[in-house]
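Asker: In our numbering, the protein residues as written are 9 to 150.
Note that the Cβ used here is the ideal one computed from N, Cα and C, for glycine as well.
Pasting a structure below so you can have a look.
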């Protein structure tokens, strides 16, 4: 957990479980998306309804380490592994409420685009400043 800078509680839902009795693999991607967007909205000031710039996921990966199931309480952790001019690579992990080792971890990449034209644009300054607080390791500013 020490490698992550921002945390969000995640409540599992009955529908998250699959027929094997644990949270289905695709659900972790929704957890990843939830924590990144929660951060962009609450810390970066992103208005998901009217902002002229939005972020689209262009790449993602998740490695699963241990099963969890409804009604487990989880925590998602977020960090920034790479902050570029038009994109950000997040490191994301999901932890059981009482454990510091992740049950799943991975990454995903957001590219910031013009809402209407969908072409890549620089990350808005307020969002960039917020993302910079989550950076771990050396950065590429191109």
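Return the first residue and the last residue of the beta strand (DSSP E) that residue 63 is part of.
Answerer: Along the chain shown, one-based indexing puts residue 63 at 55. It spans 61–72 - the beta strand (DSSP E) in which residue 63 sits, taken as one unbroken run.
Asker: From the DSSP output, which residues share a beta bridge with residue 17?
Answerer: Locating residue 17 in the chain shown gives position 9, where the first residue counts as 1. Paired residue(s): 83.
Asker: Look up residue 97 in the DSSP assignment and say whether it is helix, strand or coil.
Answerer: On the chain shown, position 89 is the one that residue 97 refers to. Reduced to three states, the DSSP call for residue 97 is strand.
Asker: Whose CA, out of 129, 34, 138, 14, lies closest to the CA of residue 51?
Answerer: Taking the chain shown and counting its residues from 1, one reaches residue 51 at position 43. Ranking 129, 34, 138, 14 by Cα distance to residue 51 puts 138 first.
Asker: Assuming residue 112 is part of the beta strand (DSSP E), what are its boundary residues?
Answerer: Residue numbering aside, residue 112 sits at position 104 when the chain shown is read from its first letter. Unbroken beta strand (DSSP E) run through residue 112: 110–122.
Asker: Ordered along the chain, which non-local residues of its own chain (more than five positions away) have a Cβ less than 6 angstroms from that of residue 109?
Answerer: For this step, residue 109 is matched to residue 101 along the chain shown. Answer for residue 109: no residue qualifies.
Asker: Taking a contact to mean a Cβ-Cβ separation below 8 angstroms, would you say residue 54 touches residue 118 in this structure?
Answerer: Numbered from 1 along the chain shown, position 46 holds the residue referred to as residue 54. Numbered from 1 along the chain shown, position 110 holds the residue referred to as residue 118. No, these two residues do not count as a Cβ contact at 8 angstroms.
Asker: Tell me which same chain residues have a C-beta within less than 7 angstroms of the C-beta of residue 155, skipping the five on either side of it?
Answerer: Nothing can be reported for residue 155, as the shown portion of the chain is limited to 9 through 150.
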